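Contents: one structure, followed by commentary.
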Amino acid sequence: MGGMKIKITRGAGIAGAVTAGLLALLAAVPAHAAAPARLEPAPDASLVLPAPTGPRPVGTVRLHLVDRGRPDPWVPAEKTRQLMVSLWYPAEKGGGRPAPYMTDQEAAALLEGQKVTGVPSRAVSGARTHAVAGARPAGRRGTLPLVVLSPGFTMPRSSLTALAEELASRGYVVAGVDHVHESYGTSLPGGRLARCAACAEQEADPWAFGAKAVAGRQADVSFVLDELLGRHPVWKGARLIDRSRVGMAGHSLGGSSTSWTMLKDGRVRAGVNMDGTFFASLPAGGLARPFMLMGAGEIHEPGGQDFTWGRDWALMTGWKRWFSVKGGDHVSFTDYPLLAGRTARELEVTRAYVTAFMDRHLRGRGRELLDGPSPAFPEVASWK
């Protein structure tokens, strides 16, 4: 990206890491880059996501889903649960405009939530992606595995875009879920912006909040699966999905929600937790389906500060792996290190390991990368 480089320490947590990263944009983006809200990438965006490495072009669409069977868990006055979902998928070859990274409203809410001033929202919303908006899906009927991605708390679904594009370029349909009222801002149809109603509960009692959020996210993901895999799917390309091959990966709170979703919804065959504390512990019967832990630094090594990993690891009775990334921090598994002027190496690590995991368990393709230390990724320790 160029410009000022900011070191982010693990102790800074989500807020400190993202704030420092966004401030790095000040040195790289001119003040006049601010623009009226519009769903277009900025032609002079400083942030460019790394290109996906798979052989297939990538398309993307946005879906507004409404679960009329339950109220919003954070705003009970809203009698339906609304979700925004981005789908990334293998697409037919052809031209088209890259999709916007996020809306300008969402970028402004992110900056405000992180108490960042002086950074134009379009510097974030205009980040360059590689998926073509509305591209025609490609593939044979019933052959593409589906991976659901759930972001960290206060983070939008766009924070996992680089991982989503990578998986899609390798033949996966990917559903990134914005859990409405859990990010700083989610754009809804009609120009509405849903704010973080859950933030107040998180501040009051983090553990009670975590348990409630995990249960809510499980319900969200199950509803998304219903909408994509049911008799009357909401997406025209849904016929390409193999309903028997569904995985899930989440960052932070999204990772915590992955194991719980697997317990409650048997359609999810394999899961990944990226640096998330397990707010809802596994039951005594454990979890028998494949699961991978991927954490940052010493906090998420065996015996590290997050005791929930060792606790739940002992209850995972199926195929399992535990990796930690030396020198990583909480946002290493998202797009946000790029905002701090760091290299794309952290994304390279995340994309390689998550793709290898999904390949092994949703496609039956053995991936040696998961079997121990790898010379290609010396910063990754294996604790299996």
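Under mature numbering (1 follows the signal peptide of the UniProt record, and there is no 0), read the sequence shown as residues -33 to -1, 1 to 351, first letter to last.
All C-beta atoms in this analysis are idealised placements derived from N, C-alpha and C, irrespective of residue type, glycine included.
Nothing here was measured: the structure is a model prediction, and the numbers come from that model.
Sequence-distant residues of the same chain with beta carbon closer than 7 Å to residue i, five excluded per side
{"i": "Ala343", "result": "none"}
{"i": "Thr128", "result": "Leu16, Tyr68, Thr96 and Asp302"}
{"i": "Ser88", "result": "Ala1, Asp71, Ala74, Ala75 and Leu78"}
{"i": "residue 354", "result": "Missing from the structure shown is residue 354; the chain here goes from -33 to 351 and no further."}
{"i": "Arg108", "result": "Arg206 and Leu207"}
{"i": "Ala255", "result": "Thr284 and Gly285"}
{"i": "Gly253", "result": "Leu282, Met283 and Thr284"}
Per DSSP, the bridge partner or partners of residue i
{"i": "Trp289", "result": "Leu260"}
{"i": "Ile266", "result": "The partner list for Ile266 (beta bridge, DSSP) is empty, contrary to what the question assumes."}
{"i": "Phe99", "result": "Looking at the sequence provided, one finds Val at residue 99 rather than Phe. Paired residues: Gly26 and Pro65."}
{"i": "Gly217", "result": "Ser117 and Asn240"}
{"i": "Leu14", "result": "Paired residue(s): none; Leu14 is not in a bridge."}
{"i": "Pro104", "result": "Ala58"}
{"i": "Pro33", "result": "According to the sequence shown, residue 33 is Val rather than Pro. Gln49, per the DSSP bridge assignment."}
DSSP state of residue i mapped onto helix, strand, coil
{"i": "Thr310", "result": "coil"}
{"i": "Trp280", "result": "helix"}
{"i": "Ser349", "result": "strand"}
{"i": "Ala161", "result": "strand"}
{"i": "His146", "result": "strand"}
{"i": "Leu254", "result": "strand"}
{"i": "Pro43", "result": "coil"}
{"i": "Ala247", "result": "coil"}
{"i": "Asp338", "result": "helix"}
{"i": "Ser299", "result": "coil"}
{"i": "Asp326", "result": "helix"}
Own chain, CB closer than 6 Å to residue i, minus 5 neighbours either side, in chain order
{"i": "residue 353", "result": "Within the shown structure, residues of the chain are numbered from -33 to 351, placing residue 353 beyond reach of any answer."}
{"i": "Glu73", "result": "Pro123, Gly152 and Ser154"}
{"i": "Ala247", "result": "Ala178, Val181 and Trp227"}
{"i": "Met241", "result": "His218, Gly222, Met261 and Phe300"}
{"i": "residue 378", "result": "Nothing can be reported for residue 378: it is not among the residues displayed for the chain, which extend from -33 to 351."}
{"i": "Ser291", "result": "Gly262, His267, Glu268 and Ala348"}
{"i": "Lys287", "result": "Phe258"}
{"i": "Gly295", "result": "Ala263 and Gly264"}
{"i": "Ala319", "result": "none"}
Residue range of the unbroken alpha helix (DSSP H) whose run includes residue i
{"i": "Pro173", "result": "Pro173 to Leu196"}
{"i": "Trp227", "result": "Leu220 to Lys231"}
{"i": "Ser154", "result": "Run containing Ser154: none in the alpha helix (DSSP H); it sits in the beta strand (DSSP E), Gly152 to Leu155."}
{"i": "Gly80", "result": "Asp71 to Gly80"}
{"i": "Val91", "result": "Arg89 to Ser92"}
{"i": "Ser136", "result": "Thr128 to Ser136"}
Residues near residue i in its chain [Cβ-Cβ closer than 8 Å; skip 5 each side]
{"i": "Asp232", "result": "Gln185, Val188, Ser189 and Leu192"}
{"i": "Ala103", "result": "Per the sequence shown, the amino acid found at residue 103 is Arg instead of Ala. Excluding residues within five positions, the ones whose Cβ falls inside 8 Å are Gly26, Ala58, Glu59 and Gly61."}
{"i": "Lys293", "result": "Gly264, Glu346, Val347 and Ala348"}
{"i": "His328", "result": "Gly214, Arg236, Ala237, Pro257 and Trp286"}
Start and end residues, beta strand (DSSP E) containing residue i
{"i": "Gln49", "result": "Arg48 to Pro57"}
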